[in-house]
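Notes follow the structure.
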Amino acid sequence: MAIQRYLDTRDGLCVGVPGRVYPYQAEHDSPLIVEDRARLAALAKVGLLRHVGKEDAPRYELDANADTYLRRSNAEQSQGERDAFCTGRLVLDRISDFTEPASAGGFTVSQVNYVYHLADAAGWIKDSAVLDTYEDLRALTAQQVQGQARMILTNKGWVHQNLYR
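For the sequence shown, our numbering gives the first residue as 4, with consecutive numbering after it.
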């Protein structure tokens, strides 16, 4: 199915890693840095980072098992991209509904609503410290997650818009 083909291209479920170079030190006390410090502490609690600094100057290094889950972002990608820790795979459960295929910009398209879940995920993604510091993570680790996709009809069948070339 076209939506599962798209889900298979994803790195499961990911949480952004504060900082891009390690060891990383969260300096200052801006609201963003305070959030980063909480995330860094949570990622250290689950063994992805290692706290090597002082309490008043938290400094973190990647832990030995971090490489298993670390996905480096491409520096040339869109602004705001971060490295991330990723785990599991996304599995389509069912199509909820879809719009009648229609012509748009020279293509035949349909908006599809579907339900999926996270499978084969490492335990750290559902640790309370991690769930508490990443907004929306509880919803994304639920047994049923709502998804939405714009599909494009090609001569080889329906394709997710992000996979259309």
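Glycine residues also receive a C-beta, built at the ideal position from the N, C-alpha and C atoms. These numbers come from a predicted model, not from an experiment.
Distance between Val37 and Arg59 (C-alpha atoms, nearest Å) = Counting from one through the sequence shown, the residue named residue 59 turns up at place 56. Counting from one through the sequence shown, the residue named residue 37 turns up at place 34. Note on residue identity: the sequence assigns Asp, not Arg, to residue 59. Looking at the two C-alpha atoms, the distance is approximately 12 Å.
key: Secondary structure of Ala107, DSSP reduced to three states   = Here the question's residue 107 lines up with position 104 in the sequence shown. Correct three-state label for Ala107: strand.
message = Considering Cα atoms alone, identify which of Gln147, Leu73 and Gly91 is closest to Arg85.
response = Stepping through the sequence shown from its first residue, residue 85 is reached at position 82. Closest by alpha carbon: Leu73.
request  = Identify whether Thr157 lies in helix, strand or coil by the three-state DSSP scheme.
outcome  = For the purposes of this step, residue 157 is taken as the residue at position 154 of the sequence shown. Looking at Thr157 - three-state DSSP - the assignment turns out to be strand.
request  = Provide the residue span of the alpha helix (DSSP H) that contains Ser76, from first to last.
outcome  = Residue mapping note: residue 76 aligns to position 73 of the sequence shown, counting from 1. No alpha helix (DSSP H) holds Ser76; DSSP gives it neither H nor E.
query = What are the boundary residues of the alpha helix (DSSP H) that Ile6 is part of?
reply = For this step, residue 6 is matched to residue 3 along the sequence shown. Where Ile6 is concerned, the enclosing alpha helix (DSSP H) stretches over Ala5 to Asp11.
ask   = Can you give the Cα-Cα distance for Ile6 and Arg92, rounded to whole angstroms?
value = By 1-based counting over the sequence shown, the position of residue 6 is 3. By 1-based counting over the sequence shown, the position of residue 92 is 89. The alpha-carbon atoms of Ile6 and Arg92 are separated by roughly 13 Å.
request  = Measuring alpha carbon to alpha carbon, tell me which of Tyr9, Phe101 and Val18 ends up nearest Ala124.
outcome  = Here residue 124 corresponds to residue number 121 of the sequence shown, with the count starting at 1. Selected option, being the one with the closest Cα: Val18.
Endpoints, the beta strand (DSSP E) within which Thr90 is located = Locating residue 90 in the sequence shown gives position 87, where the first residue counts as 1. For Thr90, the uninterrupted beta strand (DSSP E) run begins and ends at Ala87 to Thr90, by DSSP.
task = Mind checking who Leu52 pairs with in its DSSP beta bridge?
result = On the sequence shown, position 49 is the one that residue 52 refers to. In the DSSP output, where bridge partners are listed per residue, Leu52 has Leu65.
message = Measuring alpha carbon to alpha carbon, tell me which residue in Tyr27, Leu52 and Leu156 is nearest Ser113.
response = In the sequence shown, residue 113 corresponds to position 110, counting from 1. Looking at the Cα atoms, Leu156 is the closest of the given residues.
key: Reduced DSSP secondary structure (H/G/I, E/B, other) of Arg168   = Counted from its first residue, the sequence shown places residue 168 at position 165. Three-state result, Arg168: coil.
key: Beta-carbon proximity list for Arg75, same chain, < 8 Å, skipping 5 on both sides   = The residue you call residue 75 lines up with position 72 of the sequence shown. Contacts found: Asp86.
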